[in-house]
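Here the structure is laid out as structure tokens; the discussion comes afterwards.
Numbering (the numbering used here), first residue to last: 4 to 274.
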């Protein structure tokens with residue numbers, strides 16, 4: 004297989020920490036083994052530290068990644084979710100302990116050969132998509148393990164799969180186009196600026212296979228994510244950073260932000 008493309012230095016997807024307004028719930032991210040960091044952005048954990056007084060709704064913002072997630076109280080029920088073109092709200096019980104694996108854009112398909120188009124905007128049972136990893140999680144991971152032990156086990160499993168995978172050369176045209184999108188924070192013309200020697204139809208097919216949606220849809224998510232990386236929700240509207248990222252007016256920005264975040268900028272600033 005060709006050396007893995009390195010997009011990690013160009014893209015660091017942001018998810019919402021639960022913050023001081025949600026006592027009893029903790030979210031954290033852990034780095035994978037160095038040999039996996041071109042594929043896996045992080046392992047993550049979302050758990051209750053004490054039983055909540057009511058069910059909990061967790062909002063996941065659009066980030067362009069593919070995630071495997073498991074409530075470790077029920078490790079036999081792992082799920083996988085691909086690219087989403089909007090935020091997703093997950094209704095959870097009042098006690099939970101989720102473990103996740105977040106693959107960088109395009110990398111789940113590179114590792115498994117499974118088209119990302121089959122996972123976009125939906126959650127599927129992992130057993131039906133990637134049975135070997137579903138069995139590993141069911142047999143090896145549980146809520147009594149500490150974070151370091153879970154990380155070591157997941158590293159070992161994924162390193163073993165990576166070493167055993169058959170030669171699979173990735174499509175350089177797709178990664179060239181994705182790199183351009185990331186370098187320009189998603190603010191790029193889908194025509195002249197993304198001309199890499201293939202037709203728009205070929206480009207669309209490649210992005211649907213590796214990402215799960217079009218280059219334009221992915222670019223919109225990248226632009227939103229770059230906004231989250233550069234300033235807090237409280238400062239986004241005040242600083243008008245959105246103009247620098249190609250939003251042509253505040254109404255356009257607000258609609259896009261709400262689609263990907265689940266709240267307006269003003270509502271997000273107050274959370």
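Heads up, the beta-carbon is just placed ideally off N, CA and C, and yes, glycines get one too.
Would you kindly work out how many angstroms separate the C-alpha atoms of residue 98 and residue 191, rounded to a whole number?
43 Å
Should residue 108 and residue 181 be called a contact, given that it needs their Cβ atoms to be closer than 8 Å?
yes
What does the alpha-carbon distance come out to for the pair residue 210 and residue 53?
42 Å
Residue 46 versus residue 31 - alpha carbon distance
9 Å
Let me make sure I understand the geometry here. Which of 133, 221, 147, 38 has the alpha-carbon closest to that of residue 178?
221
Which same chain residues, not among the five before or five after residue 127, have their C-beta less than 6 Å away from its C-beta?
83
How far does the beta strand (DSSP E) with residue 43 in it extend, from its first residue to its last?
43-51
Could you give the C-beta distance for residue 93 and residue 61, rounded to a whole number, given that I count them as a contact under 8 Å?
5 Å
Proximity below 8 Å, CB of residue 199 to CB of residue 67:
no
Residue range of the beta strand (DSSP E) that includes residue 212:
No beta strand (DSSP E) holds residue 212; the alpha helix (DSSP H) holding it covers 203-213.
Taking the straight line between their C-alpha atoms, what separation do you get for residue 184 and residue 122?
22 Å
Exposed or buried, what is residue 203 when buried is set at 16 or more other beta-carbons lying within 10 Å of its beta-carbon?
exposed
Check for me: the alpha helix (DSSP H) holding residue 158 runs from which residue to which?
150-167
Output the distance between the C-alpha atoms of residue 270 and residue 70, rounded to the nearest integer angstrom.
26 Å
Out of 95, 75, 234, state which residue places its alpha-carbon closest to the alpha-carbon of residue 59.
95
Would you decide whether residue 159 is buried or exposed? Buried here means 16 or more other CB atoms lie within 10 Å of its CB.
exposed
Which residues in the same chain as residue 233 place their Cβ atom closer than 7 Å to its Cβ, once the five residues preceding and following it in sequence are excluded?
244
In its own chain, which residues sit with a C-beta less than 8 Å from the C-beta of residue 17, not counting the 5 before and 5 after it?
64, 66, 228, 231, 232
Note the first and the last residue of the continuous alpha helix (DSSP H) segment covering residue 268.
268-272
Secondary structure at residue 11, three-state DSSP: helix, strand or coil?
coil
Helix, strand or coil, according to DSSP, for residue 65 in the structure here?
coil
Where residue 189 and residue 115 are concerned, what is the direct C-alpha to C-alpha distance, given to the nearest angstrom?
26 Å
Sorted by chain position, which residues of the same chain lie with C-beta nearer than 6 Å to residue 139's C-beta, five sequence neighbours on each side aside?
160
Candidates 164, 48, 165, 224, of which the one nearest residue 145 by Cα:
48
Per DSSP, what kind of secondary structure is residue 101 in: helix, strand or coil?
strand
Would you mind sorting residue 216 into buried or exposed? The rule is 16 or more other CB atoms within 10 Å of its CB.
buried
Classify residue 235 as helix, strand or coil using the three-state DSSP reduction.
coil
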